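See below for the structure under consideration.
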Amino acid sequence: MSSSQTVKSLDPAKIAFIESAIENGVLCFGQYTLKSGRISPYFFNAGLLYTGSLLSATANAYAKILRTSRIPEFDVLFGPAYKGISLAAITAVKLYEAEGKEVGYAYNRKEKKDHGEGGNMVGYPLKGRIVIIDDVLTRGTAIREAIAILNQHPEAKLVGIVQLVDRQEKGQGEGGKSTVQEVEEEFGVPVEPIIALNDILRYMEEKGGWEKQLEEVKKYRAQYGVEL
Ligand SMILES: O=P(O)(O)OC[C@H]1O[C@H](OP(=O)(O)OP(=O)(O)O)[C@H](O)[C@@H]1O
Numbered sequence: 004m005s006s007s008q009t010v011k012s013l014d015p016a017k018i019a020f021i022e023s024a025i026e027n028g029v030l031c032f033g034q035y036t037l038k039s040g041r042i043s044p045y046f047f048n049a050g051l052l053y054t055g056s057l058l059s060a061t062a063n064a065y066a067k068i069l070r071t072s073r074i075p076e077f078d079v080l081f082g083p084a085y086k087g088i089s090l091a092a093i094t095a096v097k098l099y100e101a102e103g104k105e106v107g108y109a110y111n112r113k114e115k116k117d118h119g120e121g122g123n124m125v126g127y128p129l130k131g132r133i134v135i136i137d138d139v140l141t142r143g144t145a146i147r148e149a150i151a152i153l154n155q156h157p158e159a160k161l162v163g164i165v166q167l168v169d170r171q172e173k174g175q176g177e178g179g180k181s182t183v184q185e186v187e188e189e190f191g192v193p194v195e196p197i198i199a200l201n202d203i204l205r206y207m208e209e210k211g212g213w214e215k216q217l218e219e220v221k222k223y224r225a226q227y228g229v230e231l
């Protein structure tokens with residue numbers, strides 16, 4: 004298969020997102036130690052979404068998922084520190100500019116501040132229907148911490164979570180479920196990704212020229228992945 008092969012079975016928006024991520028080094032292949040301790044042959048580095056055009060494309064992708072997926076109506080976007088902060092902010096701006104949709108925006112600090120406005124929450128008051136915006140759930144530690152923050156606000160109701168990439172990996176439990184499945188069951192809300200590992204694999208398979216990386220990712224998936 005040549006590297007100019009067309010990818011037919013994926014949504015063009017997903018193809019564009021994957022290609023832009025690869026071109027800009029956001030989606031990369033090698034050897035990466037994840038927060039979970041797992042050594043992954045691929046990594047999605049949301050920290051490299053650092054130009055206006057990349058942020059704009061990312062915000063479009065989040066806005067589209069919020070419009071088209073299982074995420075219900077919501078009032079506030081909550082971006083957990085650190086990476087979730089800018090991701091939630093750009094999404095709130097995009098929803099307003101592109102769709103005229105006004106939503107609140109809130110984030111937490113990792114360290115508590117004792118001057119100025121004080122506390123560790125900033126932005127829109129945490130009340131109403133909340134959607135968490137983050138980059139990726141690996142073992143789900145960060146998302147559980149974010150939900151614990153929400154639970155300290157009795158008027159806040161979590162209604163959904165959106166992540167950039169669903170790695171489709173086993174979570175913390177013994178049942179062999181993915182982190183996403185565990186979080187969906189535990190908290191009773193949908194967790195939607197912009198792309199999933201399956202999309203990335205399909206892209207690599209159909210595009211061609213990725214045989215070596217594909218083999219490594221498939222090996223990793225056989226060890227840590229879940230069949231969906
Ligand atoms: O599901 P987990 O195993 O918790 O891993 C995923 C989370 O960990 C990373 O954030 P991190 O806590 O490193 O904070 P950062 O955004 O400040 O980099 C990443 O941004 C995810 O949010």
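Under our numbering, the first residue of the sequence shown carries the number 4, and numbering increases by one thereafter. Glycine included, C-beta positions come from ideal geometry on N, C-alpha and C. Note that the coordinates shown come from a computational prediction; the quantities given were computed from them, not determined experimentally.
- Cα-Cα separation between residue 215 and residue 222, rounded to whole angstroms: As a first step, residue 215 is located in the sequence shown; it is residue number 212 there, counting from the start. As a first step, residue 222 is located in the sequence shown; it is residue number 219 there, counting from the start. In a straight line, the C-alpha of residue 215 is about 11 angstroms away from that of residue 222.
- Kindly give me the distance between the Cβ atoms of residue 3 and residue 171, rounded to whole angstroms, as I take these residues to be in contact under 8 angstroms. There is no way to answer for residue 3, as the model of the chain reaches only from 4 to 231.
- Going straight from the alpha carbon of residue 6 to that of residue 210, what length do you get? As a position in the sequence shown, residue 6 is number 3, starting the count at 1. As a position in the sequence shown, residue 210 is number 207, starting the count at 1. Caution is warranted here: a pLDDT of 49 is assigned to residue 6, below 50, making its placement in the model unreliable, and no coordinate value can be reported.
- Task: Tell me, please, whether the region 78 to 94 touches the region 177 to 184 by the rule of three or more beta-carbon pairs shorter than 8 angstroms.
- Result: no
- Task: Quick one: residues in its chain with C-beta nearer than 7 angstroms to the C-beta of residue 198, no 5 flanking neighbours on either side, listed in chain order?
- Result: Translated into the one-based positions of the sequence shown, residue 198 becomes position 195. So the qualifying residues of the chain are 17, 20, 21, 168.
- Task: State the start and end residues of the unbroken alpha helix (DSSP H) segment that holds residue 202.
- Result: Along the sequence shown, one-based indexing puts residue 202 at 199. 200 to 210 is the extent of the alpha helix (DSSP H) around residue 202.
- Query: With respect to 8 angstroms, is the separation between the Cβ of residue 39 and the closest non-hydrogen atom of ligand 1 below this value?
  - Reply: Working through the sequence shown from its first residue, we reach residue 39 at position 36. Residue 39: yes, Cβ under 8 angstroms from ligand 1.
- Which residues in the same chain have their Cβ closer than 6 angstroms to the Cβ of residue 144, if we skip the five residues on either side of it in sequence? Taking the first residue of the sequence shown as position 1, residue 144 is located at position 141. Closer than 6 angstroms at Cβ, skipping near neighbours: no residue.
- Range covered by the alpha helix (DSSP H) that runs through residue 15: As a position in the sequence shown, residue 15 is number 12, starting the count at 1. Unbroken alpha helix (DSSP H) run through residue 15: 15 to 26.
- Item | Simplified DSSP assignment, three categories, for residue 225 | As a first step, residue 225 must be located in the sequence shown, where it is residue number 222. Three-state DSSP puts residue 225 in a helix.
- Whole angstroms is fine: what's the gap from residue 10's alpha carbon to residue 213's? Within the sequence shown, residue 10 is the residue found at index 7, counting from 1. Within the sequence shown, residue 213 is the residue found at index 210, counting from 1. Using only the alpha carbons, I get a separation of about 13 angstroms.
- Message: Quick check on residue 159: does DSSP put it in helix, strand or coil?
- Response: As a position in the sequence shown, residue 159 is number 156, starting the count at 1. Residue 159 falls in the strand class under three-state DSSP.
- Given that a residue counts as buried once 16 or more other Cβ atoms are within 10 Å of its Cβ, and exposed if not, what is residue 53? Looking up residue 53 in the sequence shown gives position 50. Answer is exposed; the Cβ neighbour count stays below 16.
- alpha helix (DSSP H) containing residue 184: first to last residue? Position 181 of the sequence shown holds residue 184. First-last of the alpha helix (DSSP H) with residue 184: 182 to 190.
- Message: Buried or exposed for residue 228, going by 16 or more other Cβ atoms inside 10 Å?
- Response: As a working note, residue 228 is residue 225 in the sequence shown. So residue 228 ends up on the buried side.
- Query: So who's on the other strand from residue 43, going by DSSP bridges?
  - Reply: The residue labelled residue 43 in the question sits at position 40 within the sequence shown. Its beta-bridge partners are 35.
- Indicate, with yes or no, if ligand 1 has a heavy atom lying under 8 angstroms from the CB of residue 128. Numbered from 1 along the sequence shown, position 125 holds the residue referred to as residue 128. No, since every heavy atom of ligand 1 falls outside the 8 angstroms radius drawn around the Cβ of residue 128.
- Item | Identified DSSP bridge partners for residue 111 | The residue given as residue 111 occupies position 108 in the sequence shown. Answer is 124.
- Message: Can you tell me whether residue 142 is buried or exposed? The criterion is at least 16 other CB atoms within 10 Å of its CB, across all chains shown.
- Response: What you label residue 142 is simply residue 139 of the sequence shown in a count that begins at 1. Buried, since its Cβ has 16 or more Cβ neighbours within 10 Å.
- So, residue 135 versus residue 149, is the Cβ gap smaller than 9 angstroms? Here residue 135 corresponds to residue number 132 of the sequence shown, with the count starting at 1. Here residue 149 corresponds to residue number 146 of the sequence shown, with the count starting at 1. Yes.
- Alpha carbon of residue 4 to alpha carbon of residue 117, nearest angstrom: Working through the sequence shown from its first residue, we reach residue 4 at position 1. Working through the sequence shown from its first residue, we reach residue 117 at position 114. Only weak support is given to the placement of residue 4: the predicted model assigns it a pLDDT of 41, under 50, and the value that follows is read from those uncertain coordinates. The straight-line gap from Cα to Cα measures roughly 60 angstroms.
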